[in-house]
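Residue numbers (this note's numbering): 26 to 685.
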């Protein structure tokens with residue numbers, strides 16, 4: 026492969042001394058002299074220049090990630106590392122990337138205090154417990170597995186006396202019946218054992234713990250979390266079949282009366298879910314306009330949207346967008362709808378709806394028909410209108426009935442028995458699907474309610490789950506996961522299907538210092554679009570600020586935001602009518618399993634895991650040796666214990682951490 030070099034100019038506006046300091050940093054980073062690197066770093070940061078500070082942190086991070094650096098005539102240039110052919114070395118490279126932020130997080134005093142508090146013994150119902158009580162001793166588990174004499178499938182049920190999994194959905198207030206710990210704290214502790222940083226994400230989040238009732242205190246087998254899905258993901262959308270080009274091609278091949286009615290019904294619903302009282306009052310909309318949209322009215326709405334967006338950026342206060350705690354408080358939603366931000370969004374949405382209504386009028390109004398739909402597909406304007414309807418249908422479903430499996434894995438010693446596959450399957454089990462529906466069926470959608478000026482509750486039937494591997498090469502815990510139909514009494518299997526690979530964009534290779542410096546630089550400038558980190562302004566405000574920071578440095582953001590990792594993308598369809606249901610043309614999901622009232626599905630999936638993976642693995646001496654390595658003898662040396670980075674410990678912290 027040819028090495029590609031990119032120029033990193035000293036930030037605009039820097040003084041000659043600052044330019045020399047930045048060039049000196051580049052020369053120092055090109056050497057292995059740690060003291061020279063540190064001195065050059067301190068000289069740059071001492072200049073107290075926000076742009077130079079951001080440039081310094083980013084350059085140091087890139088070199089630390091294996092990028093090459095050179096300085097020619099005071100001009101710094103970098104080249105990304107060449108691809109690694111060896112899967113093991115590639116995993117190690119990605120792990121090094123992830124550990125930067127993970128160790129930064131574990132170095133924060135409050136996080137270290139949390140870890141220490143969870144590991145400190147406390148009395149609960151006459152017993153002394155700690156987080157170590159929720160870890161299975163590897164030697165005990167290995168001995169129990171070896172003592173089993175299993176001859177064929179009929180004896181596999183005896184494994185449940187050694188490992189008996191169950192699902193626990195985490196709520197903010199619920200506590201563990203065995204230890205008294207908050208379930209949220211238990212989940213958080215074990216999440217800190219992952220090699221990547223623990224971050225919270227906006228939108229929906231449902232955490233799950235898989236426990237083992239076969240051992241005292243019901244130790245943790247693994248954890249999972251379902252979160253709001255990524256809005257735009259080409260590989261997923263291609264597979265589902267709702268990418269615009271694919272959707273229109275299929276519609277052209279088989280136009281139906283049902284789909285013609287679907288288009289007009291979606292437009293009518295979208296209009297009904299827009300608050301328009303203030304727009305009617307101000308002469309921007311009137312009821313008969315829907316029957317006969319005019320270009321002049323659409324242009325006035327677009328102009329109003331631009332004006333209100335500009336006013337939002339000038340006058341907004343984050344306190345004006347506090348969460349509406351009472352979902353049925355119509356006055357609060359109406360105030361939100363009338364804010365500059367959401368009035369701008371409503372005007373844009375209404376203009377888009379009127380344009381679609383105008384383009385489709387000759388074909389689907391006053392009465393939708395198959396012939397009219399076929400004719401509409403020959404019109405460029407009508408096709409664009411149909412794509413607009415499709416985008417709205419996608420937006421409604423992605424946030425409510427599609428979720429991402431954002432965290433999923435087993436902890437030691439269960440990971441040696443491929444417990445990650447058990448956690449993966451239970452995370453998409455009927456028990457979890459029902460828990461998701463119970464939690465969100467009364468949930469008012471934040472954006473939709475702010476647009477409607479009243480609570481809007483979407484369908485909350487989980488029908489598709491997406492996830493990605495942590496690494497882009499080698500084996501993944503999701504490989505070959507397939508729940509046969511007979512396990513859950515359905516007609517078709519539930520499979521983890523590989524859909525493709527991600528495009529490797531993000532900030533995971535940048536330290537928290539770099540991200541903060543770029544965000545601070547973006548927030549200090551008056552140039553470009555202002556980002557206020559208010560829910561509703563747009564997707565991923567921090568990422569947009571980081572990109573804007575790179576643009577202000579005049580550095581190639583598209584190149585520098587490629588972290589060089591292509592994760593494997595997986596999709597799990599839980600229904601047989603995925604696309605029709607997501608679009609709303611089917612009223613009910615056709616699940617691939619029987620909806621049971623009990624948790625029999627957990628037992629059935631666990632039995633399948635034992636037969637397919639756990640039992641064969643337990644016969645391997647190497648696996649049993651790996652299980653045995655995780656001991657709870659003092660001091661605890663167990664793979665499920667959080668490994669803190671080496672730092673000077675605060676007074677008393679050493680004794681607390683090594684108490685066991």
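Note that beta-carbon positions come from the ideal geometry of N, C-alpha and C, so glycine has one too.
I need the straight-line Cα distance from residue i to residue j, nearest angstrom please.
{"i": "residue 268", "j": "residue 255", "result": "15 Å"}
{"i": "residue 368", "j": "residue 475", "result": "9 Å"}
{"i": "residue 666", "j": "residue 438", "result": "11 Å"}
{"i": "residue 442", "j": "residue 208", "result": "24 Å"}
{"i": "residue 708", "j": "residue 43", "result": "No statement about residue 708 is possible, as the shown extent of the chain runs from 26 to 685 and does not include it."}
{"i": "residue 363", "j": "residue 161", "result": "55 Å"}
{"i": "residue 263", "j": "residue 281", "result": "22 Å"}
{"i": "residue 66", "j": "residue 669", "result": "26 Å"}
{"i": "residue 184", "j": "residue 633", "result": "12 Å"}
{"i": "residue 51", "j": "residue 62", "result": "9 Å"}
{"i": "residue 381", "j": "residue 392", "result": "16 Å"}
{"i": "residue 414", "j": "residue 609", "result": "12 Å"}
{"i": "residue 639", "j": "residue 597", "result": "22 Å"}
{"i": "residue 552", "j": "residue 587", "result": "Low per-residue confidence applies at residue 552: pLDDT is 48, beneath 50, and the placement is therefore not dependable enough to give any value."}
{"i": "residue 248", "j": "residue 584", "result": "34 Å"}
{"i": "residue 332", "j": "residue 76", "result": "31 Å"}
{"i": "residue 652", "j": "residue 642", "result": "11 Å"}
{"i": "residue 401", "j": "residue 615", "result": "31 Å"}
{"i": "residue 404", "j": "residue 373", "result": "23 Å"}
{"i": "residue 79", "j": "residue 445", "result": "39 Å"}
{"i": "residue 238", "j": "residue 514", "result": "25 Å"}
{"i": "residue 29", "j": "residue 36", "result": "21 Å"}
{"i": "residue 612", "j": "residue 462", "result": "16 Å"}
{"i": "residue 68", "j": "residue 46", "result": "7 Å"}
{"i": "residue 165", "j": "residue 88", "result": "45 Å"}
{"i": "residue 131", "j": "residue 671", "result": "10 Å"}
{"i": "residue 395", "j": "residue 285", "result": "6 Å"}
Just curious, the alpha helix (DSSP H) that residue i is in, first and last residue?
{"i": "residue 104", "result": "Looking at the DSSP string, residue 104 is not in any alpha helix (DSSP H); the run it does join, the beta strand (DSSP E), is 100-104."}
{"i": "residue 624", "result": "Premise fails: residue 624 is in no alpha helix (DSSP H) and is neither H nor E."}
{"i": "residue 441", "result": "Per DSSP, residue 441 belongs to no alpha helix (DSSP H) and is neither H nor E."}
{"i": "residue 606", "result": "603-608"}
{"i": "residue 398", "result": "395-401"}
{"i": "residue 452", "result": "Segment: none, residue 452 is in no alpha helix (DSSP H) and carries neither H nor E."}
Bridge partners for residue i per DSSP, in chain order?
{"i": "residue 266", "result": "Beta-bridge pairing links residue 266 to no other residue."}
{"i": "residue 252", "result": "230, 429"}
{"i": "residue 180", "result": "According to DSSP, residue 180 bridges with nothing at all."}
{"i": "residue 435", "result": "247"}
{"i": "residue 317", "result": "Answer is none; residue 317 lacks a bridge partner."}
{"i": "residue 237", "result": "190"}
{"i": "residue 200", "result": "207"}
{"i": "residue 656", "result": "662"}
{"i": "residue 32", "result": "102"}
{"i": "residue 616", "result": "600"}
{"i": "residue 507", "result": "520"}
Any idea if residue i is buried or exposed, counting beta-carbon neighbours within 10 angstroms, 16 or more meaning buried?
{"i": "residue 57", "result": "exposed"}
{"i": "residue 202", "result": "exposed"}
{"i": "residue 356", "result": "exposed"}
{"i": "residue 650", "result": "exposed"}
{"i": "residue 378", "result": "buried"}
{"i": "residue 562", "result": "Residue confidence for residue 562 is low, a pLDDT of 49 falling below 50, so the modelled location carries little weight and cannot support an answer."}
{"i": "residue 686", "result": "Here the chain covers residues 26 to 685 and nothing more, so residue 686 does not appear."}
{"i": "residue 425", "result": "buried"}
{"i": "residue 390", "result": "exposed"}
Let's see if you can read the secondary structure: which residues bound the beta strand (DSSP E) around residue i?
{"i": "residue 97", "result": "93-97"}
{"i": "residue 148", "result": "147-149"}
{"i": "residue 367", "result": "Run containing residue 367: none in the beta strand (DSSP E); it sits in the alpha helix (DSSP H), 365-389."}
{"i": "residue 581", "result": "That residue, residue 581, is in no beta strand (DSSP E); it is neither H nor E in DSSP."}
{"i": "residue 152", "result": "152-154"}
{"i": "residue 522", "result": "522-526"}
{"i": "residue 598", "result": "593-598"}
{"i": "residue 492", "result": "489-493"}
Tell me, to the nearest whole angstrom, how far the beta carbon of residue i is from that of residue j; I am working on the premise that it is less than 8 Å.
{"i": "residue 133", "j": "residue 214", "result": "Actually they do not touch by this definition, with Cβ atoms about 15 Å apart."}
{"i": "residue 407", "j": "residue 384", "result": "5 Å"}
{"i": "residue 527", "j": "residue 592", "result": "5 Å"}
{"i": "residue 575", "j": "residue 455", "result": "At roughly 45 Å, the Cβ-Cβ gap does not stay under 8 Å, so residue 575 and residue 455 are not in contact."}
{"i": "residue 535", "j": "residue 245", "result": "Not quite, the Cβ-Cβ distance comes to about 31 Å (not below 8 Å), so this is no contact."}
{"i": "residue 601", "j": "residue 485", "result": "Wrong, their Cβ atoms sit about 19 Å apart, outside the cutoff."}
{"i": "residue 522", "j": "residue 595", "result": "6 Å"}
{"i": "residue 627", "j": "residue 192", "result": "5 Å"}
{"i": "residue 599", "j": "residue 519", "result": "6 Å"}
{"i": "residue 273", "j": "residue 411", "result": "7 Å"}
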